[in-house]
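Participant: Here you go, one structure.
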Amino acid sequence: MVLDLETFETEAELELSPKTKELYTESLEDFDDWLKEKGDQENKVEMVKEYRRHLLKGRELSKSSISRHISAIKAYFRLVEDKTVKVRLPRVERKSLVEGRDYPAPKDVQKVVRMTEVSRDRAIIATGFSTGARKMEICSLNRSDLDLPHVVISREKTGGSRKGTPEGSMMRR
């Protein structure tokens, strides 16, 4: 079986974000190379299971990396091939977060905000911590994303939907 990556890229254009499409294409190219080494197999489900074992035992990838590869294969079968192929993802255990160890306590964040001299930098730090936005999400904010009478920051999520985050009192010095 040789993957039809060109059709996948065309179909993925409509459903996936550009970055997801890029990562999935890389994963599918890796899967395609592995398939060429293994030779043609009829049973697609067994073939995917064997590839999953190869990623876990042969390449010793983490479960989250394996999940990305398998998600790419699932997307391929959903968009291009046989929609009946079902693939299980490896279970990734979520570790519990502890305030102060895994992320700063609110009082520590407020100290950092107060210590920052430049108001622009203070606003950036406060916005990041109070909204949970990533660096690039903050960098790509525009004035049109701010709903000032209601003090809400609106940002676009993957898939085009928008998320509004009320800004807390952290912005005040």
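Residue 1 is where the sequence shown starts when you use the UniProt record's numbering, and the numbers rise one by one after that.
Every residue gets a Cβ at the ideal spot worked out from N, C-alpha and C, and that includes glycine.
Just so you know, these numbers come straight off a predicted model, no measurement behind them.
1. Taking DSSP as the reference, what is the three-state secondary structure of Arg-94?
2. Are the CB atoms of Lys-19 and Glu-13 within a distance shorter than 8 Å?
3. Indicate the three-state DSSP secondary structure (helix, strand or coil) for Glu-81 in the structure shown.
4. Please report the Cβ distance between Tyr-76 and Phe-8, rounded to the nearest whole angstrom; I am assuming they are in contact, meaning their Cβ atoms lie under 8 Å.
5. Going along the chain, which residues of its own chain have a beta-carbon closer than 6 Å to the beta-carbon of Arg-173, five neighbours each way excluded?
6. Looking only at DSSP bridge pairs, what is Leu-56 linked to?
7. If you compare alpha carbons, which of Lys-135, Arg-162, Arg-94 and Ser-119 is closest to Ser-144?
8. Find out if the Cβ-Cβ distance for the pair Leu-56, Ile-70 is shorter than 8 Å.
9. Identify the continuous alpha helix (DSSP H) that holds Ala-123 and give its terminal residues.
10. Please report the straight-line C-alpha distance between Asp-4 and Arg-59, rounded to a whole angstrom.
11. Could you tell me the distance, in whole angstroms, from the CA atom of Ser-62 to the CA atom of His-54?
12. Between which two residues does the alpha helix (DSSP H) holding Ser-27 run?
13. Taking the alpha-carbon positions, what's the Leu-146 to Asp-33 distance?
14. Quick check: the Cα distance between Met-170 and Lys-157, rounded to an integer number of angstroms?
Facilitator: Answer, in terms of the structure:
1. Position 94 of the sequence shown holds residue 94. Of the three classes helix, strand and coil, the one that applies to Arg-94 here is coil, per DSSP.
2. To locate residue 13, count along the sequence shown from 1; it is residue 13. To locate residue 19, count along the sequence shown from 1; it is residue 19. Lys-19 is positioned such that its CB atom lies no closer than 8 Å to that of Glu-13.
3. For this step, residue 81 is matched to residue 81 along the sequence shown. Note: Glu-81 maps to coil in three-state DSSP.
4. Position 76 of the sequence shown, counting from 1, holds the residue named residue 76. Position 8 of the sequence shown, counting from 1, holds the residue named residue 8. Contact flag correct, Cβ pair sits at about 5 Å.
5. Translated into positions along the sequence shown, residue 173 becomes position 173. The pLDDT assigned to Arg-173 is 35, lower than 50, so where the model puts this residue is not dependable; a value taken from the coordinates is nonetheless given after this. Excluding positions up to five away in sequence, the list is empty.
6. As a first step, residue 56 is located in the sequence shown; it is residue number 56 there, counting from the start. Its beta-bridge partners do not exist; DSSP assigns none.
7. Working through the sequence shown from its first residue, we reach residue 144 at position 144. When only C-alpha atoms are compared, the closest one is Arg-162.
8. Position 56 of the sequence shown holds residue 56. Position 70 of the sequence shown holds residue 70. It is not a contact, given that the beta carbons lie outside the stated cut-off.
9. For the purposes of this step, residue 123 is taken as the residue at position 123 of the sequence shown. For Ala-123, the uninterrupted alpha helix (DSSP H) segment begins and ends at 119-131.
10. Position 4 of the sequence shown, counting from 1, holds the residue named residue 4. Position 59 of the sequence shown, counting from 1, holds the residue named residue 59. Spanning the two alpha carbons is a distance of roughly 24 Å.
11. By one-based count along the sequence shown, residue 62 stands at place 62. By one-based count along the sequence shown, residue 54 stands at place 54. Straight-line Cα distance between these residues: approximately 12 Å.
12. As a first step, residue 27 is located in the sequence shown; it is residue number 27 there, counting from the start. Boundaries of the alpha helix (DSSP H) harbouring Ser-27: 18-38, taken from the DSSP string.
13. The residue labelled residue 146 in the question sits at position 146 within the sequence shown. The residue labelled residue 33 in the question sits at position 33 within the sequence shown. Answer to the nearest angstrom: the Cα atoms are 47 Å apart.
14. By one-based count along the sequence shown, residue 170 stands at place 170. By one-based count along the sequence shown, residue 157 stands at place 157. No answer about Met-170 holds up, because its pLDDT of 49 lies below 50 and its placement is not dependable.
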